[in-house]
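Undergrad: Structure below; questions to follow.
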Amino acid sequence: MNHDLIAQRLAGRTTATSDSAPSLLPAAGILARRGFLKLTALAGGGLAVAFGAPAAFGADDAPAPPPHKAPDPAPFITIHPDNTVEIRVNRLDFGQGALTALPMLVAEELGVDWAQVRGSLAPAGDAFKDPFFGLQMTGGSSAVPNSWVQYREIGAATRTMLVAAAAEQWQVPASACTASGGTVRSGTRSATFASLAAGAARQPVPAQVALKKPADFTIIGKGQRRLDGVAAATGQKRYGIDMSLPGQKVALLLRAPTFGGQVESFDASAAKAIAGVRDVFQVATDRGGSGLAVVADGYWAAKLARDALKVQWKAGVGSTVSTPALFAQYAEEARNPKFTPVKGDMAGAAGAARKLGGDYQFPYLAHAPMEPLNATFQLQGDKATVWAGTQFQTIDQGAIAQTLGLKPEQVTLNTLPAGGGFGRRAVPTSDYLREGATIAKLWSERGGPLAGPLKVMWSREDDIRGGYYRPAHLHRVDVALDAKGEVLAWDHVIVGQSILKGTPFESFMVKDGVDSTATEGVAENDYGVPMRLRVSHPDVNVPVLWWRSVGHTHTAFVMETMVDEVARASGTDPVAWRLARLDPKKHARHVAALKLAVDKSGYGQPLPKGHAWGVAVHESFGSVVAYVVDVSIEGGRPRVHRATAGVHANQVVNPMAAEAQVQGGAVFGLSMTLPGFEITLKDGAVQQSQFTDYPPARITDAPQVAVHFVPSNDPPTGLGEPGVPAMAPAIANAVAALTGKRLRKLPFETLSA
């Protein structure tokens, strides 16, 4: 037996293929997905255990979770001969730090020094499904919150089994043994985890495990450098786009200029004449269209060949969409009484002494991750192996299998690190992987002896012109004030496409025709104003998808600029106005985050001439982020000199990564305000194609961002996205203080001081 690995299914449930190569089969059973409801996790051997959603306790001395049956650690942990511990992460890491944060949870309970820990990304498999969503995925800032208990239990269960193995070997009670630093000790005796691994593999998964209390943490809450940080900084980290296999070819797909467009005719003679080009053929594309695949020895040959293709296109169903006409339609719909009512009425508006408000406009936005989409396929008979940086392993594995005519278990989907995603790698339709599988299958059939591994790649232009987008929205807000400036009525209309319509999430996240991702951030009505909220979801032939922080990208802007406008109209300091209306019990975390940002920023102190303070606070994905910014106007653009963040995310697992997440979110939010950062359409075709005409914030735009966390021992809330929403409104509020002009459109147009 190979004694240096916990490589068998623990409790004797692994089938070993040989003494030196034990199987690493995932736990049996599939978790049924029931949205955000409690789900059942199936441990090996069919024992079902219910995992409740992480709860926020009312005090910082939160008790440890109650003991219960732990997950089977075998799929997650390998102990190597040098006593390092490899921890498999059931998520995608695309810069947010899951590859470090989740191993920290295991290491805390396992009893190893951080220097002994290694991390790797798990392939698609039932054992790695999210314990609440019931599918393997990364999204909604859920990685740490949803695995907070799961990964700690994996560590505690492994420690318990290692201790049991040592106790059995030494013939002492388990209570006489302790584990720390990768070693089990009892009196004068000691044994490394590596030497105990084989014995631990024969122990049963403990019926219950007790987890540490926050006061006993030695790793959680302490800043740790990312396990992949050095490799990333030195260019050694391998992403999907770096994938290379012997005999591998590269494919590019030429798509129609309009969504759902089809090839009418084409001439590939010039393309096929380019050295290294192996084939050109027609394929079905996402949204019922068709395109042309070019297979070549490398990317550059494929690109040159694609550029040389001569194609006649049949326009797709979205060929009539143009941005100005779309917003005119939305503005008309915002004045149409045929809305889906969500809540409230306008009974108090009759006594208005003053009215504020107007139309807010938000464009389509592309995700534009630094690494464009890609996937590598190797087809061998009735099996397929795929390498991709996917956020939706379960969904994508099934989609690939369906496309190839296989069963999901016949497809091995390996998760590779990705250079960003922001939602684009979590597509319910699995568009880029279905297209890739289609191309790989046809190439396998057409290529003969040349057919081998195939890497299907997207260019930057493909990504910006042919992807999915944050939907365009228009909000219409009318606020009625009394003579003292108090809000009598707030009428709020939201018009925009539904992200969830037609997806597996529609059944539980769309109620009475209202997509909850469009109203999040407004419907909560944190300030308790008398509000009527109505929604319209027009059908538009433009593909839409969640974008980092989803609906909060537009709802936070409207709410936080509007309350700022109301505060100033009433002659009240915007911070004081917010604090007076945030319920100190219901919104204690908002209050704490806002006060922290204000205290640390120096808000209210004199600023240089031409500068102004801006403030915003918003909750998303369970976390509250408040920004106080110091802004001027330079060259017609906002210039953020300093941003101070107050953040309430409960227990922060890795403060170093959490700080980076908020800082990155701040720059993301800043990008939304910069002139040119928008996707526009003309006759159904996207007009942008590169960072030159879709310009995110550059390093010269990035402000100094100081991040401060409210101390808490409550279970963690999300941090991948909450840093985004409050930045743009904070900047807009500062610009309004400078110019007296309220900005109701993103991105900002050219500004004047």
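Numbering of the sequence shown is given in the working numbering, commencing with residue -19 and proceeding in unit increments.
No residue lacks a Cβ here, since even glycine has one placed at the ideal position from N, Cα and C.
1) Can you look up residue 504 in the DSSP assignment and give me helix, strand or coil?
2) Which of the three DSSP states, helix, strand or coil, is assigned to residue 489?
3) Tell me the residue span of the beta strand (DSSP E) that contains residue 474.
4) Leaving out the 5 sequence neighbours to the left and right, which residues in its chain are closer than 6 angstroms to residue 470 when beta-carbon positions are compared?
5) According to DSSP, which residues form a beta bridge with residue 391?
6) Is it the case that the Cβ atoms of residue 268 and residue 243 are separated by a distance below 8 angstroms?
7) If you draw a straight line from the alpha carbon of residue 688 to that of residue 641, how long is it in whole angstroms?
8) Does DSSP classify residue 126 as helix, strand or coil?
9) Using three-state DSSP, classify residue 92 as helix, strand or coil.
10) Give the C-beta separation of residue 451 and residue 432 to the nearest angstrom, bearing in mind that I take them to be a contact with Cβ-Cβ under 8 angstroms.
11) For the region 519 to 556, list the alpha helix (DSSP H) runs that are entirely contained and at least 4 residues long, ordered along the chain.
12) Could you pull the DSSP bridge partners for residue 684 from this structure?
13) Report yes or no: do the region 496 to 505 and the region 551 to 561 share at least 3 C-beta pairs separated by less than 8 angstroms?
14) Where do the ends of the beta strand (DSSP E) carrying residue 735 lie?
15) Check this for me: beta carbons of residue 709 and residue 541, under 8 angstroms apart or not?
16) Could you compute how far the alpha carbon of residue 666 sits from the alpha carbon of residue 306?
17) Can you check which of these residues, 525, 141, 725, 457, is closest to residue 478 by C-alpha distance?
18) How many whole angstroms separate the CB atoms of residue 455 and residue 532, which I take to be in contact at a CB cut-off of 8 angstroms?
19) Grab me the residues of residue 600's own chain with a C-beta within less than 7 angstroms of its C-beta, minus the 5 sequence neighbours each way, in chain order.
20) I'd like to know whether the C-beta atoms of residue 419 and residue 434 end up nearer to each other than 8 angstroms.
21) Among 474, 248, 105, which has the Cα closest to the Cα of residue 323?
22) For a test of the three-state rule: what should DSSP assign to residue 31, helix, strand or coil?
23) Assuming residue 124 and residue 143 form a contact by the criterion Cβ under 8 angstroms, report the distance between their Cβ atoms to the nearest whole angstrom.
24) So, at 7 angstroms on beta carbons, what are the nonlocal neighbours of residue 302 in its own chain, with the 5 sequence-adjacent residues on each side left out?
25) When you compare the region 633 to 651 with the region 575 to 585, are there three or more beta-carbon pairs, one atom per stretch, that lie closer than 8 angstroms?
26) Alpha carbon to alpha carbon, how far is residue -1 from residue 178?
27) If you measure between the beta carbons of residue 717 and residue 593, is that distance less than 8 angstroms?
28) One question on the structure: do residue 495 and residue 513 come within less than 8 angstroms of each other, judged by their Cβ atoms?
29) Near residue 446, what residues of its chain come up, given a Cβ to Cβ distance below 6 angstroms and the 5 sequence neighbours on each side ignored?
30) Give the C-beta separation of residue 56 and residue 67 to the nearest angstrom, bearing in mind that I take them to be a contact with Cβ-Cβ under 8 angstroms.
31) The alpha helix (DSSP H) that contains residue 414, what's its start and end?
32) Which same chain residues end up closer than 6 angstroms to residue 372 when comparing Cβ atoms and leaving out the 5 residues on each side of it in sequence?
33) Sort 286, 105, 320, 203 by Cα distance to residue 439 and report the nearest one.
34) Locate the beta strand (DSSP E) running through residue 100, then write down its first and last residues.
35) If you count every other CB in all the chains shown that lies within 10 Å of the CB of residue 299, and 16 or more means buried, which is it?
36) Which one of 619, 237, 313 has the shortest CA to CA distance from residue 339?
TA: Straight from the coordinates:
1) The count along the sequence shown starts at 1 and reaches residue 504 at position 524. If DSSP states are grouped into helix, strand and coil, residue 504 belongs with coil.
2) Along the sequence shown, one-based indexing puts residue 489 at 509. In the displayed model, residue 489 falls within a helix according to three-state DSSP.
3) Translated into positions along the sequence shown, residue 474 becomes position 494. First-last of the beta strand (DSSP E) with residue 474: 467 to 476.
4) In the sequence shown, counting from the first residue as 1, residue 470 sits at position 490. So the qualifying residues of the chain are 459, 509, 511.
5) Within the sequence shown, numbered from 1, the residue matching residue 391 stands at position 411. According to DSSP, which records beta bridges pairwise, residue 391 is partnered with 364.
6) In the sequence shown, the residue the question calls residue 268 occupies position 288. In the sequence shown, the residue the question calls residue 243 occupies position 263. No, they are not a contact pair.
7) Counting from 1 along the sequence shown, the entry for residue 688 is found at position 708. Counting from 1 along the sequence shown, the entry for residue 641 is found at position 661. Straight-line Cα distance between these residues: approximately 12 angstroms.
8) The residue you call residue 126 lines up with position 146 of the sequence shown. The answer is helix: DSSP assigns residue 126 an H, G or I state.
9) As a working mapping, residue 92 is identified with position 112 in the sequence shown. Here residue 92 sits in coil by DSSP.
10) For the purposes of this step, residue 451 is identified with residue 471 of the sequence shown, where counting begins at 1. For the purposes of this step, residue 432 is identified with residue 452 of the sequence shown, where counting begins at 1. Residue 451 to residue 432, Cβ: 40 angstroms. No contact.
11) 532 to 549
12) Position 704 of the sequence shown, counting from 1, holds the residue named residue 684. Its beta-bridge partners are 622.
13) no
14) Since the first residue shown for the chain is -19 and the last is 733, residue 735 is missing from the structure and cannot be characterised.
15) As a position in the sequence shown, residue 709 is number 729, starting the count at 1. As a position in the sequence shown, residue 541 is number 561, starting the count at 1. Yes.
16) One-based indexing of the sequence shown puts residue 666 at position 686. One-based indexing of the sequence shown puts residue 306 at position 326. Approximately 14 angstroms between the Cα atoms of the pair.
17) The residue given as residue 478 occupies position 498 in the sequence shown. It is 525.
18) In the sequence shown, counting from the first residue as 1, residue 455 sits at position 475. In the sequence shown, counting from the first residue as 1, residue 532 sits at position 552. 13 angstroms between Cβ atoms; not a contact.
19) Taking the sequence shown and counting its residues from 1, one reaches residue 600 at position 620. Excluding positions up to five away in sequence, the list reads 501, 529, 532, 701, 702, 705.
20) The count along the sequence shown starts at 1 and reaches residue 419 at position 439. The count along the sequence shown starts at 1 and reaches residue 434 at position 454. With contacts defined by Cβ atoms closer than 8 angstroms, residue 419 and residue 434 form a contacting pair.
21) Along the sequence shown, read from residue 1 onward, the residue named residue 323 stands at position 343. When only C-alpha atoms are compared, the closest one is 474.
22) Residue mapping note: residue 31 aligns to position 51 of the sequence shown, counting from 1. Reliability of the predicted coordinates at residue 31 is poor, the pLDDT of 25 falling under 50, and no value is obtained from them.
23) Walking along the sequence shown from the start, residue 124 turns up at place 144. Walking along the sequence shown from the start, residue 143 turns up at place 163. Actually they are not in contact, since the Cβ atoms of residue 124 and residue 143 sit about 27 angstroms apart, beyond 8 angstroms.
24) For the purposes of this step, residue 302 is taken as residue 322 along the sequence shown, with counting starting at 1. Excluding sequence neighbours, residue 302 sits near 661, 662, 663.
25) no
26) Working through the sequence shown from its first residue, we reach residue -1 at position 19. Working through the sequence shown from its first residue, we reach residue 178 at position 198. Note that residue -1 has pLDDT 30, beneath the 50 cutoff, so the model's placement of it is unreliable and no number is given.
27) Here residue 717 refers to the residue found at position 737 when the sequence shown is read from its first residue. Here residue 593 refers to the residue found at position 613 when the sequence shown is read from its first residue. In contact: residue 717 and residue 593 (Cβ atoms closer than 8 angstroms).
28) Within the sequence shown, the letter at position 515 stands for residue 495. Within the sequence shown, the letter at position 533 stands for residue 513. Contact: no.
29) Reading the sequence shown from its first residue, position 466 is the one you call residue 446. Excluding positions up to five away in sequence, the list reads 235.
30) The residue labelled residue 56 in the question sits at position 76 within the sequence shown. The residue labelled residue 67 in the question sits at position 87 within the sequence shown. Contact flag correct, Cβ pair sits at about 6 angstroms.
31) Here the question's residue 414 lines up with position 434 in the sequence shown. Element bounds for residue 414: 411 to 426.
32) Taking the sequence shown and counting its residues from 1, the one referred to as residue 372 is at position 392. Result list for residue 372: 117, 406, in chain order.
33) Within the sequence shown, numbered from 1, the residue matching residue 439 stands at position 459. Looking at the Cα atoms, 286 is the closest of the given residues.
34) As a working mapping, residue 100 is identified with position 120 in the sequence shown. Start and end: 97 to 101.
35) The count along the sequence shown starts at 1 and reaches residue 299 at position 319. Buried.
36) Walking along the sequence shown from the start, residue 339 turns up at place 359. Among 619, 237, 313, the Cα nearest to that of residue 339 is on 313.
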